[in-house]
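Student:
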Amino acid sequence: TSNKSRISINFLEKLKRKQNSFITMEEIREKATNVAGADIKVEEQQMGPPVGAPVSIEVAGEDYDQLAAISADIQNVIRDVPNLVDLKDDYDEGKPEIEILVDREKAALFWTSTGQIANTVRAAVNGIEASKYRVGEDEYNIRVRLSREQRKSIADLERVHITFMNRRGQLLSIPLTSVATIKLTEGIASIRRKDLKRVVTITANNEGRPSAEVLKDVKARLKEYRLPSGYTISFTGEDEEQKKAQDFLSNAFLIALLLVFLILVSEFNSLKIPVIIMASVALSLIGVLFGLLVMQSPFGIIMTGVGIISLAGIVVKNAIVLLDFVKQLRERGMNLNEALVEAGRVRLRPGILTAVTTASGLLPLATGIDFDWFNLKLVVGAESADFWRPLALAVIFGLSFSTFLTLVLVPTMYALLEEWQKSIGTKLRRVFRMQT
5 TSNKSRISIN
15 FLEKLKRKQN
25 SFITMEEIRE
35 KATNVAGADI
45 KVEEQQMGPP
55 VGAPVSIEVA
65 GEDYDQLAAI
75 SADIQNVIRD
85 VPNLVDLKDD
95 YDEGKPEIEI
105 LVDREKAALF
115 WTSTGQIANT
125 VRAAVNGIEA
135 SKYRVGEDEY
145 NIRVRLSREQ
155 RKSIADLERV
165 HITFMNRRGQ
175 LLSIPLTSVA
185 TIKLTEGIAS
195 IRRKDLKRVV
205 TITANNEGRP
215 SAEVLKDVKA
225 RLKEYRLPSG
235 YTISFTGEDE
245 EQKKAQDFLS
255 NAFLIALLLV
265 FLILVSEFNS
275 LKIPVIIMAS
285 VALSLIGVLF
295 GLLVMQSPFG
305 IIMTGVGIIS
315 LAGIVVKNAI
325 VLLDFVKQLR
335 ERGMNLNEAL
345 VEAGRVRLRP
355 GILTAVTTAS
365 GLLPLATGID
375 FDWFNLKLVV
385 GAESADFWRP
395 LALAVIFGLS
405 FSTFLTLVLV
415 PTMYALLEEW
425 QKSIGTKLRR
435 VFRMQT
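Note that my numbering has the sequence shown beginning at 5, numbered continuously upward.
Structure (structure tokens):
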């Protein structure tokens, strides 16, 4: 639209910057706030699909003035939350507008209608399409309306004439003021609705701190906030999209584990081995959480979730290969302990190689190392690393920990379950003999 514009600023490469980009953004924000008549928002360009503002609160109700008051009160409550910036709402205050009130009785006396009056005013101000002008294959509309000097004030509108045909077929022209009153008023520019209720949305950005932590502080501030009867608040934007993504990935992860478990049960014809494999998948999450904690990386719902699902496939594969090899060794005549030791020894090198090669392949994503093919140079600290880093860290640390699980804990759990199975079987046989 004519009253909006966007300015994009490209920073230097990360390692060449003299200060943190968030500090630079804050300096720009402080200097831009003094521009009179402009609403300026300084924000970081989002990676991936748009998900809304990091903090987005919808206040719903019926009275628009009451919604504005609640919105202003909520903003005062959360304004001093650390790292919360660009706090505002979308309530459009009263804007000046020209109101034309038609006297229907006078209009009826002149045998004209409100529609004719409205069309005349619209043609005078906005214009009407009179014809078209063609240049080659291009076609342009010809719009006729009053010149700017003849439509820039209320006095100019008062001089507009309404031309119409009366009941005798005579073409008449009367001043607009003879059938209408023109005055300057204020009115709401727009009213937004959601689910048939009027809504005012409060939005804010975060700076220098994960959005999840900022949103958590905002929710804590509003936990005891009391709303008038008939009014509600809900958190939308990035929080709503993250909840949807979390639900989807959680369901996908559980369904994948269930399908893998059923396939393993049908293949091994046993519950023991599938239970061990599923336990190794669950325990591998310890490595993921430990890696995120050590690297001070937030738990990204989408990218970390995708990394966990990818990790589960590798962990299941490694455990299947190891336990299947143990089963083959026992079928050849080895006892349990010898089979477990031999399987661990044989699978040690492939397991470590798998972990090392996978971690090496994901290391550029985790560290931000990239190769610029346009300038043919190595780039350290690529901007895209912030988006992909949680996925890479989840797989690297999870796979490293699961390699230890596969070679140590999986054989241990197998031996324990084997002993428990024998012990329970012996006790059941004794009970059965006593009853017979």
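Where a beta carbon is used, it is the ideal one built from N, C-alpha and C, also for glycine. Nothing here was measured: the structure is a model prediction, and the numbers come from that model.
How is Glu211 classed by DSSP in three states: helix, strand or coil?
Tutor: Along the sequence shown, one-based indexing puts residue 211 at 207. Of the three classes helix, strand and coil, the one that applies to Glu211 here is coil, per DSSP.
Student: Express the C-alpha separation of Gln300 and Val414 in angstroms, rounding to a whole number.
Tutor: Here residue 414 refers to the residue found at position 410 when the sequence shown is read from its first residue. Here residue 300 refers to the residue found at position 296 when the sequence shown is read from its first residue. Roughly 29 Å between the two C-alpha positions.
Student: Name the two residues that bound the continuous beta strand (DSSP E) containing Glu101.
Tutor: Position 97 of the sequence shown, counted from the first residue, corresponds to residue 101. Lys99 to Val106 is the extent of the beta strand (DSSP E) around Glu101.
Student: Per the DSSP calculation, Arg230 is bridged to which residue(s)?
Tutor: Taking the sequence shown and counting its residues from 1, one reaches residue 230 at position 226. Paired residues: none, contrary to the question.
Student: Phe168: which of Tyr144, Ser117 and Thr185 sits nearest, CA to CA?
Tutor: Translated into positions along the sequence shown, residue 168 becomes position 164. The shortest C-alpha separation from Phe168 is found at Ser117.
Student: Output yes or no for whether 8 Å exceeds the beta carbon distance between Ala398 and Gly311.
Tutor: Walking along the sequence shown from the start, residue 398 turns up at place 394. Walking along the sequence shown from the start, residue 311 turns up at place 307. Yes. Within cutoff.
Student: Which runs of the alpha helix (DSSP H), 4 residues or longer, sit entirely within the stretch 26 to 95?
Tutor: Entirely contained in the stretch 26 to 95, the alpha helix (DSSP H) runs reaching 4 residues are, in chain order, 68 to 82.
Student: I believe Ala64 touches Lys201 by the beta-carbon criterion, under 8 Å. Please report the beta-carbon distance rounded to the nearest angstrom.
Tutor: Mapped onto the sequence shown, residue 64 falls at position 60. Mapped onto the sequence shown, residue 201 falls at position 197. At roughly 4 Å, the Cβ-Cβ gap stays under 8 Å, so Ala64 and Lys201 are in contact.
Student: Are Ala128 and Arg155 closer than 8 Å when you measure CB to CB?
Tutor: For the purposes of this step, residue 128 is taken as the residue at position 124 of the sequence shown. For the purposes of this step, residue 155 is taken as the residue at position 151 of the sequence shown. Yes, Cβ-Cβ distance for Ala128 and Arg155 is below 8 Å.
Student: For the beta strand (DSSP E) that Leu150 lies in, which residues bound it at each end?
Tutor: Within the sequence shown, the letter at position 146 stands for residue 150. Where Leu150 is concerned, there is no enclosing beta strand (DSSP E), given that its DSSP letter is neither H nor E.
Student: List the whole-angstrom C-beta distance separating Leu409 from Leu263, where the pair is believed to meet the contact cut-off of C-beta under 8 Å.
Tutor: In the sequence shown, the residue the question calls residue 409 occupies position 405. In the sequence shown, the residue the question calls residue 263 occupies position 259. Leu409 to Leu263, Cβ: 21 Å. No contact.
Student: According to DSSP, is Lys156 helix, strand or coil?
Tutor: If you number the sequence shown from 1, residue 156 lands on position 152. Here Lys156 sits in coil by DSSP.
Student: How many whole angstroms separate the CB atoms of Ser215 and Pro58, which I take to be in contact at a CB cut-off of 8 Å?
Tutor: The sequence position of residue 215 within the sequence shown is 211, counting from 1. The sequence position of residue 58 within the sequence shown is 54, counting from 1. Contact holds; Cβ gap of about 4 Å.
Student: Please classify Ile400 as buried or exposed, where buried requires at least 16 other C-beta atoms within 10 Å of its C-beta.
Tutor: Reading the sequence shown from its first residue, position 396 is the one you call residue 400. The residue in question, Ile400, is buried, as its Cβ has 16 or more Cβ neighbours within 10 Å.
Student: Which runs of the beta strand (DSSP E), 3 residues or longer, sit entirely within the stretch 333 to 376?
Tutor: DSSP runs (the beta strand (DSSP E)) wholly in the stretch 333 to 376: 373 to 376.
Student: Pop quiz: Thr189 and Glu162 are said to be a contact at Cβ under 8 Å. What is the actual Cβ separation, rounded to whole angstroms?
Tutor: Numbered from 1 along the sequence shown, position 185 holds the residue referred to as residue 189. Numbered from 1 along the sequence shown, position 158 holds the residue referred to as residue 162. Contact flag wrong, Cβ pair sits at about 16 Å.
Student: Going by DSSP in three states, Phe3 sits in which element: helix, strand or coil?
Tutor: In this structure the chain extends from 5 to 440, so residue 3 is not present and cannot be described.
Student: Would you check if the distance between the CB atom of Asp94 and the CB atom of Lys45 is smaller than 8 Å?
Tutor: By one-based count along the sequence shown, residue 94 stands at place 90. By one-based count along the sequence shown, residue 45 stands at place 41. Contact: no.
Student: Could you please give me the residues that DSSP links to Tyr144 through a beta bridge?
Tutor: Position 140 of the sequence shown, counted from the start, is the residue given in the question as residue 144. The partner list for Tyr144 (beta bridge, DSSP) reads Tyr137.
Student: Quick one: is Thr407 buried, meaning 16 or more other Cβ sit within 10 Å of its Cβ, or exposed?
Tutor: Numbered from 1 along the sequence shown, position 403 holds the residue referred to as residue 407. The residue in question, Thr407, is buried, as its Cβ has 16 or more Cβ neighbours within 10 Å.
Student: CB-CB under 8 Å to Glu66, same chain, minus the five flanking residues each way: which ones, in chain order?
Tutor: For this step, residue 66 is matched to residue 62 along the sequence shown. Taken in chain order, the residues that qualify are Lys201, Arg202 and Gly234.
Student: Counting only the same chain and skipping the five closest in sequence on each side, list residues whose C-beta sits under 7 Å from that of Ala343.
Tutor: The residue labelled residue 343 in the question sits at position 339 within the sequence shown. Taken in chain order, the residues that qualify are Val330, Leu333 and Arg334.
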